[in-house]
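Report on the following structure.
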Amino acid sequence: MHGNGATSSYERFAEEVHRLAGERRAVVLAHNYELPWIQDVADHVGDSLALSRIAARSDAEVIVFCGVHFMAETAKILSPDKTVLLPVLEAGCSLAETVTAEDVRAYRAEHPGAFVVSYVNTSAAVKAESDLCCTSANAVEVVASLPEDAEILFLPDFFLGEHVARESGRHLDLWMGECHVHAAIEPRSLVEKVKANPKATLFIHPECGCTSTALHLLDRGELPAERTRVLSTGAMVEAARELGGGSALVATETGILHQLERANPEGHFTAVNPGAVCRYMKMTTPERLLQALTDLVHPIEVEEGIRRRAERAVQAMIAIGSPSAAGE
Numbered sequence: 002m003h004g005n006g007a008t009s010s011y012e013r014f015a016e017e018v019h020r021l022a023g024e025r026r027a028v029v030l031a032h033n034y035e036l037p038w039i040q041d042v043a044d045h046v047g048d049s050l051a052l053s054r055i056a057a058r059s060d061a062e063v064i065v066f067c068g069v070h071f072m073a074e075t076a077k078i079l080s081p082d083k084t085v086l087l088p089v090l091e092a093g094c095s096l097a098e099t100v101t102a103e104d105v106r107a108y109r110a111e112h113p114g115a116f117v118v119s120y121v122n123t124s125a126a127v128k129a130e131s132d133l134c135c136t137s138a139n140a141v142e143v144v145a146s147l148p149e150d151a152e153i154l155f156l157p158d159f160f161l162g163e164h165v166a167r168e169s170g171r172h173l174d175l176w177m178g179e180c181h182v183h184a185a186i187e188p189r190s191l192v193e194k195v196k197a198n199p200k201a202t203l204f205i206h207p208e209c210g211c212t213s214t215a216l217h218l219l220d221r222g223e224l225p226a227e228r229t230r231v232l233s234t235g236a237m238v239e240a241a242r243e244l245g246g247g248s249a250l251v252a253t254e255t256g257i258l259h260q261l262e263r264a265n266p267e268g269h270f271t272a273v274n275p276g277a278v279c280r281y282m283k284m285t286t287p288e289r290l291l292q293a294l295t296d297l298v299h300p301i302e303v304e305e306g307i308r309r310r311a312e313r314a315v316q317a318m319i320a321i322g323s324p325s326a327a328g329e
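329 is the number that the working numbering gives the last residue of the sequence shown; the numbers go up by one with no jumps.
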């Protein structure tokens, strides 16, 4: 896991993290896309919403969220009485930044009576303007729970929205937002990798630019139906455990490969696009994590009125989906 000379350095780092976390009564959470050392030292690794729910149940006084800004906000929404720290305040999200609360209010003004479903990858302010939140794992279920004749705005990810519309059979007004990393995982890369690895299983995240094309190819028999799976990152980890010694082509941010390999050391996992790296997710270095624990830097606050409205949208989603469905 930590090769040639790095083991002792990692162990010293991990020892210091655990010592500081104990002193601060802190729990360290890391998203699946974080650097390997950050994933390995964390108390819990997973999808952002699942981690936020773990934080809410924890008796820790301090939550150190190794991820991006909207994730720490979500943890604060669900844990208002706890200190939530984001080690790198500049760690943003290109997808979350494509839509604002003002955008949602403008849509509602033009579409009175419409429902707004927002992906968990949004700011607290956007969640507060929404009727329900969703994750990539339960978005179809959330949309299906709404009245059949409802007008629905799905935001902010266009590719995930397309997937949900196709799977649910519902018409959705789609916000034209995208994750720049997932959008760059395009059909040609997927087709080329499949030709080179004809026996591999496909793990495709629904935010990817290749998702729609992949499903069209699947319909035409050009992709292996029995081995093509559109999955959230959390579901990818579960699927990896069932792969045995087989191989999988993985269409999402490359940080997930570390978790897949941990879940199944016998499996073989290859990124569809090795360049699919989120620079925001790599901002939390060991040094920045240690600084956060040492100095309790970058506490995240959410104005109480916004927090309560955002929490209603998150809890409305949780009431529909099962706890195991949480995850981007």
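Virtual Cβ for every residue (Gly too), placed ideally from N, Cα, C. Source: prediction; values computed, not measured.
When Ala314, Ala201 and Ile153 are compared against histidine 112, the one with the closest alpha-carbon: As a first step, residue 112 must be located in the sequence shown, where it is residue number 111. Closest option to histidine 112, Cα to Cα, is Ile153.
Proximity test, Cβ basis, 7 Å: leucine 147 and chain C: Annotation note: the requested chain C is absent from the structure, which comprises a single protein chain.
Residue from Val29, Ala31, Leu216 and Trp38 whose Cα sits closest to the Cα of arginine 13: Your numbering for residue 13 matches position 12 in the sequence shown. Looking at the Cα atoms, Trp38 is the closest of the given residues.
Neighbourhood of serine 80 by C-beta distance below 7 Å, restricted to the same chain and skipping five residues each side: Counting from 1 along the sequence shown, the entry for residue 80 is found at position 79. The answer, listed in chain order, is Ala56, Ala57 and Ile64.
Identified DSSP bridge partners for aspartate 174: By 1-based counting over the sequence shown, the position of residue 174 is 173. Beta-bridge analysis with DSSP links aspartate 174 to Leu154.
Residue range of the alpha helix (DSSP H) that includes threonine 214: The sequence position of residue 214 within the sequence shown is 213, counting from 1. For threonine 214, the enclosing alpha helix (DSSP H) stretches over residues 212-220.
CA-to-CA distance, tyrosine 34 to leucine 261, given in whole angstroms: Residue mapping note: residue 261 aligns to position 260 of the sequence shown, counting from 1. Residue mapping note: residue 34 aligns to position 33 of the sequence shown, counting from 1. Answer to the nearest angstrom: the Cα atoms are 11 Å apart.
Contact belief for lysine 128 with alanine 311 at Cβ below 8 Å, rounded distance in angstroms: The residue you call residue 128 lines up with position 127 of the sequence shown. The residue you call residue 311 lines up with position 310 of the sequence shown. Confirmed, about 4 Å.
Leucine 133 versus isoleucine 257 - alpha carbon distance: The residue you call residue 133 lines up with position 132 of the sequence shown. The residue you call residue 257 lines up with position 256 of the sequence shown. Approximately 27 Å, taken between the alpha carbons.
Threonine 229 - partner residues in DSSP beta bridges: Here residue 229 refers to the residue found at position 228 of the sequence shown. Looking at the DSSP assignment, threonine 229 forms a beta bridge with Leu203.
Cα-Cα separation between leucine 87 and alanine 43, rounded to whole angstroms: For the purposes of this step, residue 87 is identified with residue 86 of the sequence shown, where counting begins at 1. For the purposes of this step, residue 43 is identified with residue 42 of the sequence shown, where counting begins at 1. Those two C-alpha atoms are separated by around 14 Å.
Nearest-angstrom Cα separation, counted from valine 121 out to leucine 161: Translated into the one-based positions of the sequence shown, residue 161 becomes position 160. Translated into the one-based positions of the sequence shown, residue 121 becomes position 120. A straight line joining the alpha-carbon of leucine 161 with that of valine 121 spans about 12 Å.
Boundaries of the alpha helix (DSSP H) in which tyrosine 108 is found, first to last residue: One-based indexing of the sequence shown puts residue 108 at position 107. Start and end: 102-111.
Rounded Cβ spacing between alanine 92 and histidine 70 (contact assumed at less than 8 Å): Here the question's residue 92 lines up with position 91 in the sequence shown. Here the question's residue 70 lines up with position 69 in the sequence shown. About 6 Å; that satisfies the 8 Å criterion.
Serine 248, DSSP secondary structure in three states: For this step, residue 248 is matched to residue 247 along the sequence shown. Residue state, collapsed to three classes: strand.
Inter-residue CB distance, valine 251 and leucine 224 (contact presumed, cutoff 8 Å): Position 250 of the sequence shown, counted from the first residue, corresponds to residue 251. Position 223 of the sequence shown, counted from the first residue, corresponds to residue 224. Not quite, the Cβ-Cβ distance comes to about 15 Å (not below 8 Å), so this is no contact.
Alpha-carbon spacing of glycine 246 relative to alanine 201, whole angstroms: As a first step, residue 246 is located in the sequence shown; it is residue number 245 there, counting from the start. As a first step, residue 201 is located in the sequence shown; it is residue number 200 there, counting from the start. C-alpha separation (whole angstroms): 11 Å.
Under 7 Å between C-beta atoms of valine 231 and proline 199: Position 230 of the sequence shown holds residue 231. Position 198 of the sequence shown holds residue 199. No; because the gap between Cβ atoms is not below 7 Å, this pair is not in contact.
Paired residues, beta bridge with phenylalanine 1 - DSSP: No answer is possible for residue 1: it lies beyond the span of the chain, which begins at 2 and ends at 329.
Three-state class that DSSP yields for leucine 147 in the structure shown: Indexing the sequence shown from 1 puts residue 147 at position 146. Three-state DSSP puts leucine 147 in coil, outside helix and strand.
8 Å CB neighbourhood of serine 169 in its chain, flanking five on each side removed: Here residue 169 refers to the residue found at position 168 of the sequence shown. Closer than 8 Å at the Cβ level, and outside the excluded window around serine 169, lie Val141, Val144 and Ala145.
Residue of Cys67, Arg308 and Ala249 minimising C-alpha distance to methionine 284: Working through the sequence shown from its first residue, we reach residue 284 at position 283. Measuring from the Cα of methionine 284, the nearest candidate turns out to be Cys67.
Limits of the alpha helix (DSSP H) - the one that histidine 269 falls within: Counting from one through the sequence shown, the residue named residue 269 turns up at place 268. First-last for histidine 269: 269-272, but that is the beta strand (DSSP E), not the alpha helix (DSSP H).
Element boundaries [beta strand (DSSP E), containing threonine 84]: By 1-based counting over the sequence shown, the position of residue 84 is 83. That run of the beta strand (DSSP E) goes 84-86.
Assigned exposure category for histidine 32 - 16 Cβ within 10 Å defines buried: Here residue 32 corresponds to residue number 31 of the sequence shown, with the count starting at 1. Answer is buried; the Cβ neighbour count reaches 16.
For isoleucine 64, the three-state DSSP class (helix, strand or coil): Within the sequence shown, residue 64 is the residue found at index 63, counting from 1. Correct three-state label for isoleucine 64: strand.
Option in Ser124, His217, Ala293 and Glu187 with minimal Cα separation from serine 49: If you number the sequence shown from 1, residue 49 lands on position 48. Here the closest residue by C-alpha is Ser124.
Alanine 326 burial status per 10 Å Cβ neighbour count (16 or more: buried): For this step, residue 326 is matched to residue 325 along the sequence shown. The predicted model places alanine 326 with a pLDDT of 40, which falls under 50 and marks its position as unreliable, so this point remains unresolved.
Endpoints, the alpha helix (DSSP H) within which valine 298 is located: As a first step, residue 298 is located in the sequence shown; it is residue number 297 there, counting from the start. Here valine 298 belongs to no alpha helix (DSSP H), and DSSP marks it neither H nor E.
Which listed residue (Leu156, Glu149 and Thr253) has its alpha carbon closest to that of proline 188: Mapped onto the sequence shown, residue 188 falls at position 187. Checked all of Leu156, Glu149 and Thr253; the closest Cα to proline 188 is Thr253.
Whole-Å CB distance - leucine 96 paired with aspartate 174, under 8 Å assumed: For the purposes of this step, residue 96 is taken as residue 95 along the sequence shown, with counting starting at 1. For the purposes of this step, residue 174 is taken as residue 173 along the sequence shown, with counting starting at 1. Not a contact, Cβ separation roughly 17 Å.
Candidates Leu294, Arg221, Asp220 and Gly268, of which the one nearest alanine 240 by Cα: The residue you call residue 240 lines up with position 239 of the sequence shown. The shortest Cα separation from alanine 240 among Leu294, Arg221, Asp220 and Gly268 belongs to Gly268.
Presumed contact (8 Å Cβ cut-off) between histidine 19 and leucine 30, rounded CB distance: Taking the sequence shown and counting its residues from 1, the one referred to as residue 19 is at position 18. Taking the sequence shown and counting its residues from 1, the one referred to as residue 30 is at position 29. Contact flag wrong, Cβ pair sits at about 14 Å.
Under the three-state DSSP convention, the category glycine 47 falls into: Looking up residue 47 in the sequence shown gives position 46. Glycine 47 falls in the strand class under three-state DSSP.
Contact check, arginine 280 vs asparagine 265, beta carbons under 7 Å: In the sequence shown, the residue the question calls residue 280 occupies position 279. In the sequence shown, the residue the question calls residue 265 occupies position 264. Going by C-beta atoms, arginine 280 is not nearer than 7 Å to asparagine 265.
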